[in-house]
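Asks: Sharing a structure, written as structure tokens. Questions coming.
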Amino acid sequence: MRRLTLALVVLCACGGGGGETPVDAPPTGDGRVIDGPNSAPMITSFTATPAQLPAGVATDVTWSWTYAFEPTFPDPTCTINNNVGAVTRGQATSVTLNAVTTFTLTCTNSEGMASRQVVVAVPPAAPLVATFTASPATLVPGQATNVTFSWTYTNAPSPAPACTIDGLGTVTSGMATSLTQTTSRVYRLRCTNSQGSAAAITNVNVDECTANTDDCQANATCTDTADGFTCACNNGFTGNGDVCSTQVACNVLPSPCGANATCTNGTSCVCNPTYVGDGITCTRNRIAFTTSTTGTGNLSTWGVDAGGNSGLVAADAVCQARANQAGLGGSYVAWMSDSLNDAYCRVHGFGGKKSAMCGQSTLPTSAGPWVRVDGRAFAPAIGQLLAPNRTIYQPASVSEFGVDLGVTDRVYTGTSESGEYIAGATCGDWTTTAGTGAMGEVHGGGGGSWTDSLTAVGSVDPSCATTGRLRCVQRDGVATPLPSRHPVAKKAFVTSVTGTGNLSTWADASALTGLAAADAVCQARARVAGYANSGTFKAWMSSSSSSASTRIISNGPWARPDGVVIGTSEVDIEDSRLGAALYQTELGTYVQGTADTGNVWTGTSTSGSLTSISCTNWTSTASTGTLGRHDLLTGSWTAATTATCTADQRIYCLEDL
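Rendered as structure tokens:
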């Protein structure tokens, strides 16, 4: 069928041949408009504007197209696939793409249909993490639990990123991982593709309070926090939460304070050093001390304290005599072994060898914990004190009278870091000055140096004619929890990883050099440990342009991950004496000391300034660098010796502002 449209022409002869403009005049010269026949649409072009979209982001796209002839009859109806739907030419619709997509336009009328395609590109995109969660987010301390880590993106990263979680390795969203935690920690997610990377953190909490694994005193209330817990004394008591003393009017007679307590400020009964309790009832902790007296490896020569005895019997007699002289009370033995008896067995009240269960049906484990005479914690229970745990809080470096002893002093032990006899190193079972005797460092605060110096310094055992001391530990007394936290201290640790003096070669250096690389290592290790403020950590190191004391702008206090304070201020750590050895890593492990002889790159003197020996400002392995000893508390903690910069050593890391 054809359609003919006729234009009517009205002619008027008026006024001598003049005329009017015709009504509805045709647009063509002959007065007719002729449309073509009804026909199917023919699409000659199809475009999308813009032609590429950001991945995962809703974007308005304008659709345009043309026909082979205009207009087409009947008017076609047009649609676009991929959920765009019906459209008109020039219309904009919202489109979200995650990958390159081909769109097909289809236009249809009664005569037929036509199609044409256009490709909308999605350029590669770095990941943008929207959410990162852990389920469950709260764990029971020390109990293995499957935790599912999940995350989402605000875009559709292309190519698909690879994701890792610090400390766990490569992961996928929704993957369950078995975790065993004793404290709360933060986990860091990092997703990376060829276009870049993104990171996010989430906290996995350990509720020590509800699990009753906190060490708050009985008269304190535990409050769970993101980093652990806090202890606050209840009404009627005063103290720091670890120790809560009865708050009473005690400056009256008779005093309400217990026999082993002191009235403080007239309002509080406080247990005396080495005693624990609320001030009304105070019980005695087990004590460890180092003798104020000295002698050779022939213990029968130790004068009246030896009681005319020899060998280990003389050693125990000396310890008991020293304790009695100081009025300590209790039963004491020397931390010493001979060829028939291990120190491990002796501190439990038995003889024999640890390997033979000390003559018992099962290995005894009840010895410890111990405090020093000044009330500071020395060590936890013996299983934690000895290898492989090697946990020491503060060294037992004070005498029976509470006097701090010389920094170079040693104690005769004949005992390894596992608490056992060291063959050939006990001065003929402590009866002669011939031969050699194994000794420990009086100020040994980490690894095994407190009982065997060779675990840290690699030297030979000294002659049995050398003057040394004895370390004495109490067998009886009360085994009570030892406070090991500081509620406001910043964290400090020694790295679990090692590297050369050219810090740019460390895996965590992030392509940086010198001190910037050192700080990057510390911050990376802090992230692995889950510290929420990991970006503030700095290395205790100096270079020609910056000293450790000026780089660290915080004034402390600082504590190891176990909570033991190493220094109350910057002045405190620069006075040639730490409060505790900085030998615990960011992972909570205590460094053994034998593999790296306790050495740490510092380039720093005891005052926190540059020693001028710093591996060419920590950029080269062709020179030497100053090392500290992480097992000692003396000035040697930061400046003990030097080494070639090719050696693998650790780094000290301190939390800063």
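Under the working numbering, think of the first position of the sequence shown as 1075, with each following residue one higher.
Think of the CB as a built atom: it goes at the ideal place given N, C-alpha and C, for glycine as much as any other residue.
(1) Excluding the 5 residues preceding and the 5 following GLN1394 in the sequence, name in chain order all residues of the same chain whose CB lies nearer than 6 Å to its CB.
(2) Quick check: THR1718 and ASN1576, are their CB atoms within less than 8 Å of each other?
(3) Can you name the residues that DSSP bridges to THR1718?
(4) Measuring CA to CA, which of CYS1345, GLY1480, ASP1483 and SER1527 is closest to ASP1448?
(5) Tell me which same chain residues have a C-beta within less than 8 Å of the C-beta of PHE1475, skipping the five on either side of it?
(6) If you draw a straight line from the C-alpha of GLY1522 to the C-alpha of GLY1248, how long is it?
(7) Which of the three DSSP states, helix, strand or coil, is assigned to ASP1134?
(8) Thinking C-alpha only, which one of GLY1381, ASN1339 and PHE1303 is nearest GLY1637?
(9) Compute the Euclidean distance between the alpha carbons of ALA1125 and MET1187, then round it to the nearest angstrom.
(10) Would you list, in sequence order, the uninterrupted alpha helix (DSSP H) runs of no fewer than 4 residues that lie entirely inside the segment 1205-1291?
(11) Assuming contact is defined by CB atoms lying nearer than 8 Å, are VAL1221 and VAL1161 in contact in what I supplied?
(12) Consider the C-beta atom of ASP1448 and the heavy atoms of the ligand FMN; say whether any pair is separated by less than 7 Å.
(13) So, does the segment 1165-1182 touch the segment 1124-1141, judging by three or more C-beta pairs under 8 Å?
(14) Need the endpoints of the alpha helix (DSSP H) that ALA1590 sits in, please.
(15) Where does LEU1706 sit, in a helix, a strand or coil, going by DSSP?
(16) Taking the continuous beta strand (DSSP E) assigned at ILE1456, which residues delimit it?
(17) GLU1494: buried (16+ other C-beta within 10 angstroms of its C-beta) or exposed?
(18) From TRP1376 to THR1506, what does the alpha carbon distance come to, in whole angstroms?
(19) With DSSP as the reference, identify every bridge partner of ARG1543, one or two as the case may be.
(20) Beta-carbon separation of GLY1159 and THR1151 under 8 Å?
(21) Grouping DSSP H, G and I as helix and E and B as strand, with all else coil, what is GLY1740?
(22) Relative to the alpha-carbon of SER1224, which residue among CYS1181, THR1246 and THR1574 has its alpha-carbon at the smallest distance?
(23) Kindly indicate which three-state DSSP category ALA1613 falls into: helix, strand or coil?
(24) If you measure between the beta carbons of THR1510 and THR1370, is that distance less than 8 Å?
(25) Does PRO1145 pass the burial test, meaning 16 or more other C-beta atoms within 10 Å, or should it be called exposed?
(26) Which residues does DSSP pair with MET1431 in a beta bridge?
(27) Could you check whether GLN1269 and ALA1199 sit closer than 8 Å to each other, using their CB atoms as the reference points?
(28) Please state whether DSSP places LEU1656 in a helix, a strand or coil.
(29) Could you check where the beta strand (DSSP E) with LEU1392 kicks off and where it finishes?
(30) Can you tell me where the beta strand (DSSP E) with ILE1725 in it begins and where it stops?
(31) Taking DSSP as the reference, what is the three-state secondary structure of ARG1634?
(32) In the DSSP assignment, find the unbroken alpha helix (DSSP H) run with ILE1647 in it and report its ends.
(33) Give me the Cα-Cα distance between SER1028 and VAL1477, rounded to the nearest whole angstrom.
(34) Taking just the CA atoms, how far does SER1411 sit from GLN1468?
(35) Measuring straight from C-alpha to C-alpha, what distance separates ALA1499 and THR1708?
(36) At which residues does the beta strand (DSSP E) containing ASP1298 begin and terminate?
Replies: Once the coordinates are examined:
(1) TYR1406
(2) The criterion of a C-beta distance shorter than 8 Å is not satisfied by THR1718 and ASN1576.
(3) THR1698
(4) CYS1345
(5) SER1366, ALA1400 and VAL1447
(6) 43 Å
(7) Here ASP1134 carries a strand assignment [DSSP, helix/strand/coil].
(8) Comparing Cα positions, the closest option is PHE1303.
(9) 25 Å
(10) 1282-1285
(11) No; because the gap between Cβ atoms is not below 8 Å, this pair is not in contact.
(12) This structure lacks the ligand FMN, and indeed carries no ligand of any kind.
(13) yes
(14) 1588-1603
(15) strand
(16) It is not in any beta strand (DSSP E) - ILE1456 instead sits in the alpha helix (DSSP H) that spans 1456-1459.
(17) buried
(18) The alpha-carbon separation between TRP1376 and THR1506 amounts to approximately 12 Å.
(19) VAL1485
(20) no
(21) Lying outside 1075 to 1731, the shown extent of the chain, residue 1740 is not represented and no answer is given.
(22) THR1246
(23) strand
(24) At the C-beta level, THR1510 and THR1370 stay beyond 8 Å of one another.
(25) exposed
(26) None, per the DSSP bridge assignment.
(27) yes
(28) LEU1656 falls in the coil class under three-state DSSP.
(29) First, the amino acid is wrong: residue 1392 is Val here, not Leu. Note, VAL1392: premise wrong, no beta strand (DSSP E); alpha helix (DSSP H) at 1385-1399.
(30) 1724-1729 is the span of the beta strand (DSSP E), which, as asked, contains ILE1725.
(31) Secondary structure at ARG1634: coil, using DSSP grouped into helix, strand and coil.
(32) 1644-1647
(33) No information on residue 1028 is available, as it lies outside the stretch 1075 to 1731 that the chain covers here.
(34) 23 Å
(35) If you take the alpha carbons of ALA1499 and THR1708, they lie about 26 Å apart.
(36) 1294-1299
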